[in-house]
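Visitor: This is the structure I want to talk about, given as C-alpha cells.
In the working numbering, the protein residues as written are 7 to 158.
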C-alpha cells in the first residue's frame, strides 16, 4: 500500500529509570471510552513542526511534570490497523500506521505531577521494574525496557 493511502501517527517515548530500578510511567486513561486505561511510557504524538526529540521532551514534561533530556535512541516500533484507532481520533475508513521512536532519557528538573488538563494522562508514578508483571501495562514498556537493557 502506498504511503498516501493510509494515516500515520508519529510518536516519541522515553525509558527513564532511576537508581532504585524504578521506571517512570504515565497512566493513560483510555481516551474517549476509558476502557483501555493502562500504564505506558511517557510520550506521545509529535507535532508537525517539532523534531521527534523535542516532541518527546515536551510529552515527558506534560505527562510527568519533569524536565528531561534525551540520552540516546533505543529502538523503533511500528504497528498497523485496518482502521483508524478511535482512541486517538475520530475513526475513518483509512488504514492506520503507528510509528514509535523510543529513547533513553534522564530527568534534569521539575516535580512529579502531570501538567495535562483534560488530556489522556491522569498521573505519573515511579514503579519498580520488577512489579510490571503484576500491573496492566502497554507493550511499548516491554519493548523499551528490552532495548534499554541491551544498551546498558
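Glycine is no exception: its CB is placed at the ideal position from the N, C-alpha and C atoms.
From the DSSP output, in three-state form, read off residue 114 for me.
Guide: The residue given as residue 114 occupies position 108 in the chain shown. Strand.
Visitor: Of all the beta strand (DSSP E) runs that stay within the bounds of the region 19 to 53, which reach a length of 3 or more residues?
Guide: 28 to 34, 44 to 46 and 49 to 51
Visitor: Residue 131 lies in the beta strand (DSSP E); which residues open and close that run?
Guide: As a working mapping, residue 131 is identified with position 125 in the chain shown. Counting along the chain, the beta strand (DSSP E) containing residue 131 begins and ends at 127 to 134.
Visitor: Within 10 Å of its beta-carbon, does residue 111 have 16 or more other beta-carbons around it, so buried, or fewer, so exposed?
Guide: Here the question's residue 111 lines up with position 105 in the chain shown. Residue 111 is buried by the Cβ-count criterion.
Visitor: Would you say residue 12 and residue 106 are within 8 Å of each other, going by their C-beta atoms?
Guide: Translated into positions along the chain shown, residue 12 becomes position 6. Translated into positions along the chain shown, residue 106 becomes position 100. Cβ distance not < 8 Å, so residue 12 and residue 106 don't count as in contact.
Visitor: Around the Cβ of residue 158, are there at least 16 other Cβ atoms within 10 angstroms (buried) or fewer (exposed)?
Guide: Counting from 1 along the chain shown, the entry for residue 158 is found at position 152. Exposed, because fewer than 16 other Cβ atoms sit within 10 Å of the Cβ of residue 158.
Visitor: Can you check which of these residues, 31, 78 and 27, is closest to residue 69 by C-alpha distance?
Guide: Residue numbering aside, residue 69 sits at position 63 when the chain shown is read from its first letter. Measuring from the Cα of residue 69, the nearest candidate turns out to be 31.
Visitor: Just to confirm the assignment, what range does the beta strand (DSSP E) spanning residue 74 have?
Guide: Within the chain shown, residue 74 is the residue found at index 68, counting from 1. Taken as a continuous stretch (DSSP letters only), the beta strand (DSSP E) holding residue 74 covers 72 to 87.
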